[in-house]
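Structure record follows, encoded as structure tokens.
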Amino acid sequence: MSRSETVWIVDDDRSIRWVLEKALQQEGMTTVSFENADSVIHRLGRQQPDVIISDIRMPGSSGLDLLAQIRELHPRLPVIIMTAHSDLDSAVASYQGGAFEYLPKPFDVDEAVSLVKRANQHAQEQQGLEAPANQARTPEIIGEAPAMQEVFRAIGRLSHSNITVLINGESGTGKELVAHALHRHSPRAAEPFIALNMAAIPKDLMESELFGHEKGAFTGAAAQRRGRFEQADGGTLFLDEIGDMPADTQTRLLRVLADGEFYRVGGHTPVKVDVRIIAATHQNLENLVREGKFREDLFHRLNVIRIHIPRLADRREDIPALARHFLARAAQELAVEPKLLKPETEEYLKNLGWPGNVRQLENTCRWITVMASGREVHIDDLPPELLTQPQDSLPAANWEQALRHWADQALGRGQSSLLDSAVPAFERIMIETALKHTAGRRRDAAVLLGWGRNTLTRKIKELGMKVDGPDDEGDD
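Numbering (our numbering), first residue to last: 1086 to 1561.
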């Protein structure tokens, strides 16, 4: 960007404005800051910047209100929406309102600067979009992890599209939930959403399920039946586990995607439909194509836009919020008071493997709701299979969680005076580690620990530690 290009920053948080001002000015940009949207709207009548970066929630007019005004006055002016509320609805509302990009807080400053540069470069491609429709504000998908923000962005960008989407992700990651969100935030939202799992349908019934059948088409076909394509006419057909679709059905599906029409099983009259296809799989379709198990031409028909759903292990920061959501839902289903996870229990759950992903976490929360005795859920209240993971497999950064678990276990066994054993053990580990990093030099180790050398020497004697290396007596 050249020095003549101007960026307006809109946020009621002074610190956010200051950080962005300094970062953008360092890149040679001119910045003008506003603490509310109303001031921007007033000034837009006299001036126009190259890019606007605005918070979504502020006193007075919101960032979305500002976005709507800009769309009317300057539809090609790129606007970046910032928000601390990193949920699907905020992302979709931003994109539907015509935002160039959605930037969840806290953000990386370099990423924000890069985004502003990109917004300016692509300003000519921006088009005016209508303000978001008034939709229910209940979150469909919970996730603040960066990987989930990418999913939200994709759903937002596709919100005005009928394009075919392929969703990839392990079993239990929530592929159908994403498909529902794509449908709900699409022009077809008022029309049917029909889901069919390819892996759950017997091969000999697959075509009848998809395309329907005429009366007498086969034994047991006592009446005409509309298939899923007809049921989804005007709306969305979600084909889950598309990799399990038989080869002959793949051929028929390809024809429907190409022509928009098909024949019911046993039928002779073509049936024309208008259906958006969203497909999903946990398999690698490229590998299936190479192995001759999936048609390459069908793969390319489906693989127009691809969305990858991360494993739960790749979005660990979302586990506490997901668990609270599932516990509340399970409590509502069972008409009981919702369970509350202790902080150490949340930390423990965050560090498990979760091979079954979100579905496994949801089932765990149902188990807890039924089986945990008290309202507060301790680590020992978790299902037995979750307690078999050895502590040394937990990430080293979560030593606090391991300490909490140790204290909980010790107190549960009736131990007392825990600090008498915990503090010396802690100090011993810290001293040993610091000395390791300084090749045994006590003065340097003391600096690392924030102690004086004499304090370190005294602690070594008190703990009865045998330490190799110089004691630095002459270094003062």
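Virtual Cβ for every residue (Gly too), placed ideally from N, Cα, C.
Note to self: Quick check: the Cα distance between E1447 and A1274, rounded to an integer number of angstroms?
What the structure shows: Taking the straight line joining both Cα atoms gives about 27 Å.
*Taking Cβ positions, are G1312 and G1328 nearer each other than 8 Å?*
No.
### Where the beta strand (DSSP E) through A1252 begins and ends
Per the sequence presented here, residue 1252 reads as Ile, with Ala not at that position. V1250 to N1253 is the span of the beta strand (DSSP E), which, as asked, contains I1252.
Worksheet item: First and last residue of the beta strand (DSSP E) that includes W1093?
Response: Here the beta strand (DSSP E) through W1093 covers T1091 to V1095.
Margin query: Pull the bridge partners of E1346 from the DSSP assignment, please.
Written below: Paired residue(s): K1357.
Report task. Look up A1364 in the DSSP assignment and give the residues it is bridged to. Result -> According to DSSP, A1364 bridges with L1251 and L1324.
What do you reckon, are the CB atoms on R1080 and K1424 nearer than 8 Å? Given a span of 1086 to 1561 for the chain in the structure shown, any question on residue 1080 remains unanswerable.
*asked:* Would the region 1346 to 1356 count as touching the region 1388 to 1399 if we require 3 or more Cβ pairs under 8 Å?
replied: Touching, no, given that fewer than three Cβ pairs across the two stretches are closer than 8 Å.
- Taking R1356 as the reference, which of E1326, Q1335 and D1318 has the closest Cα? The sequence shown places Val at residue 1356, not Arg. Residue D1318 holds the alpha-carbon nearest to the alpha-carbon of V1356 among E1326, Q1335 and D1318.
* **Three-state secondary structure assigned by DSSP to S1563** => Because the chain here runs from 1086 to 1561, residue 1563 falls outside it and cannot be looked at.
Please list the segments of the beta strand (DSSP E) lying wholly inside the region 1236 to 1285, counting only runs of 3 or more residues, in order along the chain.
Restricted to the region 1236 to 1285, the beta strand (DSSP E) segments that are unbroken, complete and at least 3 residues in length are 1250 to 1253 and 1278 to 1282, listed in chain order.
Presumed contact (8 Å Cβ cut-off) between E1326 and A1264, rounded CB distance
In fact, because the Cβ distance is near 12 Å, the residues do not count as touching under 8 Å.
For V1095 and L1151, believed in contact at Cβ under 8 Å, the rounded distance:
Yes, L1151 and V1095 are in contact; Cβ-Cβ is about 7 Å, under 8 Å.
Reduced DSSP category for R1414 - H, G, I as helix; E, B as strand; rest coil
Per DSSP, reduced to three states, the secondary structure at R1414 is helical.
**Q.** Backbone CA spacing between D1289 and P1468 [nearest angstrom]
**A.** Approximately 40 Å between the Cα atoms of the pair.
Along the chain, where does the alpha helix (DSSP H) containing V1125 start, and where does it finish?
Where V1125 is concerned, the enclosing alpha helix (DSSP H) stretches over A1122 to L1129.
(Q) Using a 10 Å radius around the Cβ and a threshold of 16 neighbouring Cβ atoms, would you call Q1132 buried or exposed? (A) With fewer than 16 other Cβ atoms within 10 Å, it is exposed.
Notebook entry, point to check: If you compare alpha carbons, which of L1129, P1144, A1332 and T1168 is closest to R1156?
Noted result: Per the Cα distances, L1129.
| field | Collapsed DSSP secondary structure at T1304 in the structure displayed | value | Looking at T1304 - three-state DSSP - the assignment turns out to be coil, as it is neither helix nor strand.
Rounded straight-line distance, which links the Cα of T1304 to that of S1256: Cα to Cα, S1256 sits roughly 35 Å from T1304.
Start-to-end residues for the beta strand (DSSP E) that takes in A1393:
The question names Ala, but residue 1393 in the sequence shown is His. Membership of H1393 in the beta strand (DSSP E) is indicated by the continuous run I1390 to H1393.
Exposed unless 16 or more other CB atoms sit within 10 angstroms - verdict on R1102
Counting Cβ neighbours within 10 Å, R1102 comes out buried, since at least 16 surround it.
For this session: Note the first and the last residue of the continuous beta strand (DSSP E) segment covering P1189.
Result: Per DSSP, the continuous beta strand (DSSP E) segment holding P1189 begins and ends at E1186 to P1189.
- First through last residue of the alpha helix (DSSP H) which encompasses S1139: S1139 -> not in any alpha helix (DSSP H); beta strand (DSSP E) instead, spanning V1136 to D1140.
Within the continuous beta strand (DSSP E) that includes V1164, where are the two ends?
Segment V1164 to T1168, the beta strand (DSSP E) holding V1164.
Note to self: According to DSSP, is L1467 part of a helix, a strand, or is it coil?
What the structure shows: DSSP places L1467 outside both helix and strand once states are collapsed to three, so it counts as coil.
*Closest residue to V1164 among L1200, R1142 and M1143 (Cα-Cα distance)*: Of L1200, R1142 and M1143, the residue nearest in Cα terms is L1200.
Go to S1501, then tell me how far its beta strand (DSSP E) extends in each direction, as first and last residue.
No beta strand (DSSP E) holds S1501; DSSP gives it neither H nor E.
Practice task
Could you tell me whether the Cβ atoms of N1388 and L1251 are closer together than 8 Å?
Solution key: A distance below 8 Å separates the beta carbons of N1388 and L1251.
- Thinking just about the alpha-carbon of each residue, which of A1531, G1535 and P1509 is nearest to the one in M1550? If we check each option's Cα against that of M1550, P1509 comes out closest.
* The alpha helix (DSSP H) spanning F1119 covers which residue range? -> Where F1119 is concerned, there is no enclosing alpha helix (DSSP H), although the beta strand (DSSP E) it sits in stretches over T1115 to F1119.
(Q) Please return the same chain residues whose Cβ sits closer than 8 Å to the Cβ of Q1309, not counting the five positions on each side in sequence. (A) Within the same chain, Q1309 has close Cβ partners G1297, H1298, E1299, K1300 and R1349.
How many whole angstroms separate the CB atoms of Y1187 and G1241, which I take to be in contact at a CB cut-off of 8 Å? Between the beta-carbon of Y1187 and that of G1241 there is about 6 Å, and that keeps the pair under the 8 Å contact cut.
Problem set entry | Euclidean distance between Cα positions of G1499 and S1458 | One C-alpha to the other measures close to 20 Å.
Rounded to the nearest angstrom, what separates E1106 and E1422 at their Cα positions? Spanning the two alpha carbons is a distance of roughly 48 Å.
At what residue ranges does the region 1413 to 1452 contain a whole run of the alpha helix (DSSP H), taking only runs of 4 or more? Complete alpha helix (DSSP H) runs here, min 4: 1428 to 1435.
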